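Let me begin by presenting the structure, written as structure tokens, before commenting on it.
Residue numbers (full-length UniProt numbering): 1 to 205.
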């Protein structure tokens, strides 16, 4: 009986499901050459046909490098906060010391550190089964993205940053959970996020 191939295929799958196979790496390479698998990194493959599947890519990003969760611009696009398609999946890590990038036939996967204290906050799992991935809330994704931006101190610069430079949908921004934003932002100890809190407080008056 033919074994159903999972969305993400690693050497452990070959070892378990293809017990009689002496050379699992060679088998994976052959399947990749035939176009049935897309190589993400050594020993990890995505089943072909899923390279445009949002949930499969999210799951792949979690597996590819970690611990990590989906965030930054890819999450902002996923939630409809920015209009443009994002050509690479962006994820947050902590204590790695440097950014990481994987360029694959399924697209790019980018990873950036956030403060360790902020890392575990406001995360959720989306999707089902194999296509489940860990992702930041919209508020957390925004904080993560602003953490990477050049520091902004002036209140008047925040609207330009959010609605012009980042092209965030203004209506969706003001529909975000302000209390959550104000609780998350101080954890980053970041000037731009401190200015964002001041901006939100001013908008309440």
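From the three backbone atoms N, C-alpha and C, an ideal C-beta is built for every residue, glycine too.
None of these values were measured; they are calculated from a predicted model.
Output the distance between the C-alpha atoms of residue 193 and residue 154, rounded to the nearest integer angstrom. Position 193 of the chain shown holds residue 193. Position 154 of the chain shown holds residue 154. So the alpha carbons of these two residues sit roughly 11 angstroms apart.
Local Cβ density within 10 Å of residue 68, reported as buried at 16 or more and exposed below that: Residue numbering aside, residue 68 sits at position 68 when the chain shown is read from its first letter. Residue 68 should be labelled buried.
Any contact of the region 119-126 with the region 101-111, i.e. 3+ C-beta pairs under 8 angstroms? no
To which residues does DSSP link residue 61 through a beta bridge? Position 61 of the chain shown, counted from the first residue, corresponds to residue 61. DSSP lists no partner for residue 61.
Can you tell me whether residue 78 is buried or exposed, with buried defined as 16 or more other CB within 10 angstroms of its CB? Numbered from 1 along the chain shown, position 78 holds the residue referred to as residue 78. The residue is buried, with at least 16 neighbouring Cβ atoms inside 10 Å.
Whose C-beta lies closer than 6 angstroms to the C-beta of residue 1 among residues of the same chain, with five residues either side of it excluded? Along the chain shown, one-based indexing puts residue 1 at 1. Because residue 1 sits at a pLDDT of 35, beneath the cut-off of 50, its placement in the model cannot be relied upon, and the following sentence gives the value as read from the coordinates. So no residue of the chain qualifies.
Skipping 5 residues on each side, what residues in its chain have a beta carbon closer than 7 angstroms to that of residue 200? Counting from 1 along the chain shown, the entry for residue 200 is found at position 200. 178, 181, 182, listed in sequence order.
Return helix, strand or coil for residue 41, following the three-state DSSP convention. If you number the chain shown from 1, residue 41 lands on position 41. DSSP places residue 41 in strand when its eight states are reduced to three.
Local conformation of residue 100 per DSSP, three classes: Here residue 100 refers to the residue found at position 100 when the chain shown is read from its first residue. Strand, per DSSP.
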